[in-house]
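K.L.:
In the UniProt record's numbering, the protein residues as written are 1 to 120. Just passing along the structure, written as structure tokens.
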């Protein structure tokens, strides 16, 4: 997967991208903030602090989960997974179901770990 620096440079130097349409999501302390692309200064905030790039409110590159719609450096299978994730994230009902499933899985995992400890 391409780095945030690669994506940053591509957006600047590729004429098909208008920097005014981009936001950069980055860590600032324990918070995540969206910064207009043109206001980002790589000398003030290091590239490794960038978590994602948004174009017109859509994430086009993300460190985690891995998304790369700028270079397309992910496999087709991973790209389909990303599209499904975005569909879920944009639908409150599906997101709620996903969160419930994750809680159930975490509870099952805890129970399994507790059983293993008791056997020892």
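Even glycine gets a Cβ: it sits at the ideal position worked out from N, Cα and C. Bear in mind the structure is a predicted one, so any value in this text is a computation, not a measurement.
#1: Considering only C-alpha positions, which residue in the set 17, 28, 82 is nearest to residue 48?
#2: Terminal residues of the continuous alpha helix (DSSP H) containing residue 99?
#3: Return the Cβ separation of residue 21 and residue 55 in integer angstroms, given the expectation that the two are a contact with Cβ distance under 8 Å.
#4: Hey, out of 119, 112, 2, 116, whose CA is closest to residue 51's CA?
#5: Select from 16, 23, 103, 68 the residue whose C-alpha is nearest the C-alpha of residue 39.
#6: Straight-line CA distance for residue 5 to residue 33?
#7: Expressed to the nearest angstrom, what Euclidean distance is found between the alpha-carbon atoms of residue 14 and residue 90?
#8: Among residues of its own chain, excluding the 5 on either side of residue 7, which ones have a beta-carbon nearer than 6 Å to its beta-carbon?
#9: Let's test the definition: count the other Cβ atoms within 10 Å of the Cβ of residue 121 and tell me whether it reaches 16, buried, or not, exposed.
#10: Identify the continuous beta strand (DSSP E) that holds residue 54 and give its terminal residues.
P.N.:
Reading off the structure:
#1: When only C-alpha atoms are compared, the closest one is 28.
#2: Residues 92–119.
#3: Your pair residue 21 and residue 55 checks out as a contact, with CB atoms roughly 5 Å apart and the cut at 8 Å.
#4: Checking every option, the nearest Cα to that of residue 51 belongs to 2.
#5: Looking from the CA of residue 39, the closest CA among 16, 23, 103, 68 belongs to 23.
#6: The alpha-carbon atoms of residue 5 and residue 33 are separated by roughly 18 Å.
#7: The alpha-carbon separation between residue 14 and residue 90 amounts to approximately 29 Å.
#8: Counting only Cβ-Cβ distances below 6 Å, and skipping sequence neighbours, we find 53, 61, 70.
#9: Limits of the chain in this structure are 1 at one end and 120 at the other, which puts residue 121 out of reach.
#10: If you look at residue 54, you'll find it in the beta strand (DSSP E) that goes 50–55.
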